[in-house]
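Participant: Quick one: structure below, then a few questions.
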Amino acid sequence: MDDLTRLGTPIDARPHFAGEREDLLALLRGLTPDEWQAEAVTGWSARDVAAHLLGDDYWRIAGMRDRYRAAPAPAPGEPLAAFVHRNNREWVRATARISPQALVQTLEMTGRELVRLWRSADPHAPGVAVSWAGADPAPVWLDCARELTENWAHRQQIRHAAGRATDPGPAGSLVLDTFMRALPHTLRDAPARTGTRVSVAVDGPDGGEWTVTRAGAGWTLAPAGAGGSGPPAAAVRWDFETAWRLCVRGIEPEEAEARGVLSGDPDLARACCRIVSIIR
1 MDDLTRLGTP
11 IDARPHFAGE
21 REDLLALLRG
31 LTPDEWQAEA
41 VTGWSARDVA
51 AHLLGDDYWR
61 IAGMRDRYRA
71 APAPAPGEPL
81 AAFVHRNNRE
91 WVRATARISP
101 QALVQTLEMT
111 GRELVRLWRS
121 ADPHAPGVAV
131 SWAGADPAPV
141 WLDCARELTE
151 NWAHRQQIRH
161 AAGRATDPGP
171 AGSLVLDTFM
181 RALPHTLRDA
191 PARTGTRVSV
201 AVDGPDGGEW
211 TVTRAGAGWT
221 LAPAGAGGSG
231 PPAAAVRWDF
241 ETAWRLCVRG
251 IEPEEAEARG
261 VLSGDPDLAR
271 ACCRIVSIIR
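If you read the sequence shown in the UniProt record's numbering, its first letter stands for residue 1, the second for the next number, and so on.
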């Protein structure tokens with residue numbers, strides 16, 4: 001593994017999987033038949049998103065528990081994002097005959113197994129790549145946190161489909177902290193002198209503040225790189241809803257710019273608004 005201190009202080013998401021799965025199951029059990037069919041993301045109903053989560057569970061169990069590597073692979077020359085989206089569509093279509101009730105029962109079973117597997121995982125071992133952070137392989141702690149963010153974000157999409165507001169839950173601040181680990185990779189092509197600092201802040205109880213610093217050829221979230229005096233060269237401030245939805249492309253960068261407060265170097269501030277914390 002290369003030097004990944006640029007990703008900042010490790011996050012331990014392992015204790016949050018049990019609560020996140022309980023919240024998902026409680027949400028799904030309370031959906032009406034119409035809510036199960038409501039569109040959660042473009043082209044996918046709430047039932048489809050739940051089926052997608054089940055596919056992710058089985059993929060994780062196959063790799064982490066069974067060391068089973070016979071999963072689909074990209075076609076020759078197929079970009080990673082295109083492969084992931086194609087594979088997801090094929091799985092959701094193949095599971096169309098599974099009823100919502102059966103999905104809930106199976107997600108309960110796979111959730112228990114994943115809680116056990118993540119609890120015993122070594123957070124500092126090499127894990128699966130996290131492309132949006134530029135880490136291949138990524139440390140297990142980031143891979144694990146990324147998996148929690150996916151579960152959390154899909155639960156919010158189902159909530160919104162059912163006409164309910166975002167529920168940050170106990171893991172909301174950790175999810176946002178994970179999303180922000182994309183900042184060094186987001187700014188990788190932004191020119192700046194060594195020592196230049198950029199700040200991103202999110203208001204509210206689940207928010208926080210992150211400082212990225214230009215260090216050599218790249219940017220870093222490492223605590224040692226966040227020093228320096230005076231204001232940062234650029235700063236961005238959002239509310240929680242704007243920040244997380246931008247990171248999963250529930251809104252586009254232009255809307256995040258309009259909804260945020262940007263100051264300092266306009267190019268660096270706008271570059272932060274291109275953050276994306278999913279495969280896209």
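The beta-carbon is built from N, C-alpha and C at its ideal position, and this holds for glycine as well.
Per DSSP, Thr211 forms a beta bridge with which residues?
Facilitator: Position 211 of the sequence shown, counted from the first residue, corresponds to residue 211. DSSP lists Ser199 as partners of Thr211.
Participant: Three-state secondary structure (DSSP) at Thr32?
Facilitator: As a first step, residue 32 is located in the sequence shown; it is residue number 32 there, counting from the start. Shown here, Thr32 sits in coil according to DSSP, grouped into three states, outside any helix or strand.
Participant: DSSP three-state call for His16: helix, strand or coil?
Facilitator: Here residue 16 refers to the residue found at position 16 when the sequence shown is read from its first residue. Note: His16 maps to helix in three-state DSSP.
Participant: Can you name the residues that DSSP bridges to Gly218?
Facilitator: Position 218 of the sequence shown, counted from the first residue, corresponds to residue 218. Answer is Ala215.
Participant: Do Ala145 and Met64 come within 9 Å of each other at the CB atom, strictly closer than that value?
Facilitator: Indexing the sequence shown from 1 puts residue 64 at position 64. Indexing the sequence shown from 1 puts residue 145 at position 145. Their beta carbons are not under 9 Å apart, which means Met64 does not touch Ala145 by this criterion.
Participant: Do you know how far the Cα of Leu262 is from the Cα of Cys273?
Facilitator: Stepping through the sequence shown from its first residue, residue 273 is reached at position 273. Stepping through the sequence shown from its first residue, residue 262 is reached at position 262. Going from the Cα of Cys273 to the Cα of Leu262 covers about 10 Å.
Participant: Could you tell me the alpha carbon to alpha carbon distance between Glu254 and Ala271, rounded to whole angstroms?
Facilitator: The residue given as residue 254 occupies position 254 in the sequence shown. The residue given as residue 271 occupies position 271 in the sequence shown. Their Cα atoms are separated by approximately 11 Å.
Participant: Can the beta-carbon of Phe17 be found less than 9 Å from the beta-carbon of Leu148?
Facilitator: For the purposes of this step, residue 17 is identified with residue 17 of the sequence shown, where counting begins at 1. For the purposes of this step, residue 148 is identified with residue 148 of the sequence shown, where counting begins at 1. Contact: yes.
Participant: Go through the stretch 26-79 residue by residue and report every complete run of the alpha helix (DSSP H) that reaches 4 residues or more, in order.
Facilitator: Listed in chain order, they are 33-37, 46-64.
Participant: From the DSSP secondary-structure annotation, give me the bridge partner or partners of Ser237.
Facilitator: As a working mapping, residue 237 is identified with position 237 in the sequence shown. The sequence as given places Arg at residue 237; Ser does not occur at that position. Paired residues: Ala201, Val261.
Participant: Which residue marks the beginning of the alpha helix (DSSP H) containing Trp141, and which one marks its end?
Facilitator: As a first step, residue 141 must be located in the sequence shown, where it is residue number 141. Note, Trp141: alpha helix (DSSP H), 140-161.
Participant: Specify, as a first and last residue, the run of the alpha helix (DSSP H) that Arg116 falls within.
Facilitator: The residue you call residue 116 lines up with position 116 of the sequence shown. Run containing Arg116: 100-119, per the alpha helix (DSSP H) assignment.
Participant: Quick one: what's got a C-beta closer than 7 Å to Gly8's C-beta in the same chain, skipping five residues either side?
Facilitator: For the purposes of this step, residue 8 is taken as the residue at position 8 of the sequence shown. The beta carbon of Gly8 is closer than 7 Å to those of Arg181, Leu221, Ala222 in its chain, skipping five residues each way along the sequence.
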